[in-house]
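Peer 1: First residue of the sequence shown? That's 6 in this note's numbering, and the numbers climb one at a time after it. Using N, Cα and C, we set each Cβ at its ideal position, and we do this for glycine too. This is the structure, below, for whatever I ask next.
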Amino acid sequence: MSRFARRITQTSEKSYGMFQKAFAKAATGADLVHLELGKPSHDTPDHIKQATIKALLAGKVHYSDLQGELPLRQALQKKLAEYNNIEVSAAEILVTNGLTQASYAAFMALLDEGDEAILLEPFYPQHVNKIEMTGAKVVLAPLDREAGFRIRKELIEAKITKNTRMIVLVNPCNPTGRVYSRDELQELADLAIKHDLVIVSDEVYEQILFDGAEHISIASLPGMKERTVTMFAFTKAYAMDGWRLGYLAADAALMPGLMKITMNEVTHVNTFIQDGALAAVTGSASVLQDMVDDDRKKRDLVVSRLNQMPGVTCAMPEGTIYAFPDISGTGMTSQVVADALLEKANVVVEAGGFYGASGDKHIRVCFGSQSYERIEEGMDRMARFFNEL
Ligand SMILES: Cc1ncc(COP(=O)(O)O)c(C=O)c1O
């Protein structure tokens with residue numbers, strides 16, 4: 006009789022939040038405005054597609070470098086030095102199947118049964134299952150909600166025990182839209198050094214920044230390169246979510262362990278799409294900027310409209326494609342609001358409680374996944390809903 010392993014039966018159920026409920030309602034023919042999934046609305050830029058097609062037609066269809074093609078890793082090395090201020094060699098870069106595989110490799114390579122991994126809460130839910138599958142325990146440490154979800158050293162240090170092995174950072178932050186300052190990152194770095202912890206840093210939104218916000222990689226702070234696994238992806242900024250392309254940067258000492266996971270899992274990333282990635286990294290920055298400008302217009306629309314709705318206040322996201330409005334003025338919890346918006350207004354947003362208890366006074370509204378007109382329609386429907394409460 007076959008049975009599932011404990012990593013399947015003794016880990017939490019993977020939840021896709023409102024996506025599943027929306028799927029059921031859409032099946033009834035309802036015209037839904039989807040503001041829940043973080044799926045970029047743009048198409049992948051043409052020069053990236055062309056480079057990939059060229060590679061495919063040129064016969065780049067065979068096994069390749071297990072760590073990622075060298076020209077791509079060299080281009081990423083230059084990008085990491087110039088943009089992230091992270092000095093690594095090409096041997097300290099690993100090309101992965103999206104950020105998802107980079108984080109899986111980091112958790113699997115660094116966590117043992119009985120270890121604890123701290124997630125800053127509100128957290129990115131997809132990290133939870135992966136940590137649990139290693140046999141380690143997820144421990145939540147709150148961000149300071151009253152101060153706009155700031156990193157607060159004391160709140161995190163209170164959760165550190167003798168079993169703590171790592172802290173997972175998401176910067177810029179999904180779901181709050183915060184871009185952490187140097188001071189906040191230094192607080193976290195001080196803790197990591199004091200308690201000898203690893204930082205696993207998810208920087209998937211590093212290039213989606215507004216109003217001059219500066220993205221600082223925690224690995225660039227003194228003493229942090231050796232104890233940080235920094236993870237990136239082409240997913241969001243280059244609108245390449247379906248390509249499944251990401252990479253990580255880590256100290257040479259960690260690389261054999263990380264590659265033991267990725268090589269056993271998938272051997273390496275598809276060969277020909279790495280030419281597309283190379284075109285993305287070496288191509289014009291203006292293509293990227295045009296998409297971010299478009300996201301900024303949508304952010305401005307969403308934040309200004311949300312702030313006119315009774316019971317709703319919304320801080321300006323500094324980065325990412327998410328607004329995280331406070332709906333506590335309605336007197337309802339986030340799940341009740343998200344369910345009612347789906348039911349009565351045919352608008353899909355995510356309940357803030359999906360990201361942890363301190364998110365429960367918020368909903369997450371994705372402004373990066375629809376056209377401007379469709380977002381306007383969503384805002385009209387939401388305005389009617391909150392006005393009628
Ligand atoms: C914080 C965060 N990390 C990782 C991912 C997944 O990235 P990828 O599609 O490159 O695996 C997402 C996607 O929404 C995200 O928001």
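Report all residues from its chain with a CB closer than 8 Å to the CB of Gly251; omit the five preceding and five following residues, and keep chain order.
Peer 2: Counting only Cβ-Cβ distances below 8 Å, and skipping sequence neighbours, we find Val100, Thr101, Asn102, Gly103, Leu104, Thr105, Gln106, Ala107, Val209, Met236, Phe237, Ala238, Phe239 and Thr240.
Peer 1: Three or more beta-carbon pairs under 8 Å between the segment 179 to 188 and the segment 315 to 331, yes or no?
Peer 2: yes
Peer 1: Is there contact here, the segment 284 to 300 with the segment 80 to 87, by at least three beta-carbon pairs under 8 Å?
Peer 2: Judged by pairs of C-beta atoms under 8 Å, the segment 284 to 300 touches the segment 80 to 87, as three or more such pairs exist.
Peer 1: For ligand 3, any of its heavy atoms closer than 7 Å to the Cβ of Thr181?
Peer 2: Ligand 3 is not part of this structure, which contains only ligand 1.
Peer 1: What residue from Arg379, Ile98 and Leu124 has the CA that sits closest to Ala257's CA?
Peer 2: Ile98
Peer 1: With a CB to CB cut of under 7 Å and the five nearest residues on each side skipped, what residues in its chain are close to Ile332?
Peer 2: So the list reads Gly316, Val317, Ser339, Val342, Lys366, His367 and Ile368, once near-sequence residues are dropped.
Peer 1: How about Asp246: is its Cβ closer than 7 Å to a heavy atom in ligand 1?
Peer 2: yes
Peer 1: Please determine, among Phe277, Glu355, Phe128 and Val143, the residue with the shortest C-alpha to C-alpha distance to Ile156.
Peer 2: Phe128
Peer 1: Only counting runs of 3 or more residues, tell me where the beta strand (DSSP E) segments fall wholly within the segment 322 to 384, in order along the chain.
Peer 2: The qualifying runs are 368 to 371.
Peer 1: Reducing DSSP to helix, strand and coil, say where Ile98 ends up.
Peer 2: strand
Peer 1: Could you tell me the boundaries of the beta strand (DSSP E) in which Glu121 lies?
Peer 2: Glu121 to Glu126
Peer 1: Which of helix, strand or coil does DSSP assign to Met6?
Peer 2: Note: Met6 maps to coil in three-state DSSP.
Peer 1: If you reduce the DSSP assignment to three classes, tell me which class Ala242 lands in.
Peer 2: coil
Peer 1: Please state the DSSP three-state secondary structure of Leu202.
Peer 2: coil
Peer 1: I need the DSSP call for His39, collapsed to helix, strand or coil.
Peer 2: strand
Peer 1: Please go through the same chain and pick out, in chain order, the residues whose beta-carbon is closer than 7 Å to the beta-carbon of Gln192, but skip the five residues on each side of it.
Peer 2: First, the residue type needs correcting, since residue 192 is Glu and not Gln in the sequence shown. Only Ile156 and Lys158 meet the Cβ criterion.
Peer 1: Determine which residues share a DSSP beta bridge with Ile172 and list them.
Peer 2: Ile123 and Ile204
Peer 1: Let me know the secondary structure DSSP gives Lys65 once reduced to three states.
Peer 2: coil
Peer 1: Using beta-carbon positions only, say whether Glu323 and Leu145 come within less than 8 Å of one another.
Peer 2: Taking C-beta atoms as the reference points, Glu323 and Leu145 fail to come closer than 8 Å.
Peer 1: So, do the segment 346 to 356 and the segment 37 to 51 have three or more beta carbon pairs nearer to each other than 8 Å?
Peer 2: Verdict: yes, contact present.
Peer 1: Any residue with its Cβ nearer than 5 Å to a heavy atom of ligand 1 should be included. What is that list in chain order?
Peer 2: Gly43, Gly103, Leu104, Thr105, Tyr129, Val175, Asn179, Asp207, Val209, Ala238, Thr240 and Gly251
Peer 1: Tell me, please, whether the segment 129 to 136 touches the segment 6 to 22 by the rule of three or more beta-carbon pairs shorter than 8 Å.
Peer 2: yes
Peer 1: Measuring alpha carbon to alpha carbon, tell me which residue in Thr335, Tyr360 and Asn89 is nearest Glu393.
Peer 2: Thr335
Peer 1: Taking 8 Å as the threshold (C-beta atoms), are Ile123 and Val173 in contact?
Peer 2: yes
Peer 1: Just to confirm the assignment, what range does the beta strand (DSSP E) spanning Gly262 have?
Peer 2: Gly262 -> not in any beta strand (DSSP E); alpha helix (DSSP H) instead, spanning Met260 to Val271.
Peer 1: Suppose you measure from the CA of Met113 to the CA of Leu125; what does that come to, to the nearest Å?
Peer 2: 19 Å
Peer 1: Return the CA-CA distance between His273 and Asp70, expressed in angstroms with no decimal places.
Peer 2: The C-alpha of Asp70 is placed about 7 Å away from the C-alpha of His273.
Peer 1: Taking Cβ to Cβ, would you say Ala254 is nearer than 8 Å to Met229?
Peer 2: no
Peer 1: Can you tell me where the beta strand (DSSP E) holding Tyr210 begins and where it ends?
Peer 2: Unbroken run through Tyr210: none, as it is neither H nor E.
Peer 1: Count the other CB atoms within 10 Å of the CB of Asp51; is the residue buried (16 or more) or exposed (fewer)?
Peer 2: exposed
Peer 1: Can you look up Lys19 in the DSSP assignment and give me helix, strand or coil?
Peer 2: The three-state reading of DSSP puts Lys19 in coil, since its state is none of H, G, I, E or B.
Peer 1: Are Leu196 and Glu162 close, meaning C-beta to C-beta below 8 Å?
Peer 2: yes
Peer 1: Please report the Cβ distance between Cys319 and Leu311, rounded to the nearest whole angstrom; I am assuming they are in contact, meaning their Cβ atoms lie under 8 Å.
Peer 2: 4 Å
Peer 1: Tell me the residue span of the alpha helix (DSSP H) that contains Gly251.
Peer 2: No alpha helix (DSSP H) holds Gly251; the beta strand (DSSP E) holding it covers Gly251 to Ala254.
Peer 1: Find the nearest neighbour of Thr166 within the set Tyr185, Val143, Phe9 and Val175, judged by alpha-carbon distance.
Peer 2: Val143
Peer 1: If you run the structure through DSSP and keep just helix, strand and coil, what is Lys142?
Peer 2: In this structure, Lys142 counts as strand in the three-state DSSP scheme.
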